[in-house]
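Numbering-wise, the sequence shown is residues 364 to 545 according to our numbering.
The beta carbon of each residue, even a glycine, is placed where N, CA and C say it ideally should be.
Here's the structure, in structure tokens; my notes come after.
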Amino acid sequence: MRALLTLPKGLHRLGKLTVFVLKEIYDYMNKHLKRILSITIAALIILFLVGYKAGWFSGQSVTAQSSADAQNEALPINAVIVNGHGLTDQIVATGTILADEQVDISPEISGRLTSVHFTEGAKVNEGDCLATINDSELLALIEKNHHVLKLAEEREARQKALLVREAISQEVYDKSLTELNT
């Protein structure tokens, strides 16, 4: 075998190794190429046999067979007599209708609704009372605060009278005045 490439002295050994590696790669590719080629040929033979069995190569076209069958069988026909009548201007559909404008309503305080003062879809004006919340707890709280205020006013008046007679200090009076103002 004649050398196609001459290498310098130091690289002679590397050159033999490179040639060896390239030869191994070539042999490896040949093995796989042969395997791929044989699998492809086997697949084509199987495809040909299946096509032959299915009648792909019989010479008659499928449309010719179906037209011959169609001439032998009668087709069922449904007939309707046409009558003239008016068209209706209605469309029946299922769906959801959404409003163009929508407002979320939320109360300033929480509670149970006792009554609603509008019907759904009705127009309301700004400031209208839309619903009533159970306010018995709020009314009781207001009444309690009225009594606490009245008691604080009476205490402040007594403390003021005692301060005028110098029976209490200014500090004690200031405390009662602060209670009244808070």
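Beta-bridge pairing of residue i - partner residues as DSSP gives them
i: Ile496; result: Leu476
Neighbourhood of residue i by C-beta, 6 Å cutoff - its chain only, sequence neighbours within 5 removed
i: Phe481; result: Val487, Leu493
i: Ala405; result: none
Exposure label - residue i; buried when at least 16 CB within 10 Å
i: Gln522; result: buried
i: Ser539; result: buried
Residue i CB to nearest heavy atom of the ligand MG below 8 Å
i: Phe420; result: As far as ligands go, the structure on display features none, and thus does not contain the ligand MG.
Spatially closest choice to residue i from the options, by CA coordinates
i: Gly484; options: Arg475, Thr477, Ala462; result: Ala462
i: Gly474; options: Gly458, Gly449, Glu500; result: Glu500
i: Ile472; options: Leu400, Glu464, Tyr536, Asp498; result: Asp498
i: Ile496; options: Lys507, His510, Thr457, Val479; result: Val479
i: Arg518; options: Tyr536, Ile505, Lys386, Glu464; result: Tyr536
7 Å CB neighbourhood of residue i in its chain, flanking five on each side removed
i: Gly414; result: Phe420
i: Leu525; result: Ile531
i: Val466; result: none
Distance between beta carbons of residue j and residue i, contact taken as under 8 Å
i: Glu542; j: Ala503; result: At roughly 22 Å, the Cβ-Cβ gap does not stay under 8 Å, so Glu542 and Ala503 are not in contact.
Cut-off 8 Å between Cβ atoms - residues of its own chain near residue i, not counting five sequence neighbours on either side
i: Asn544; result: none
i: Leu476; result: Ala494, Thr495, Ile496, Asn497
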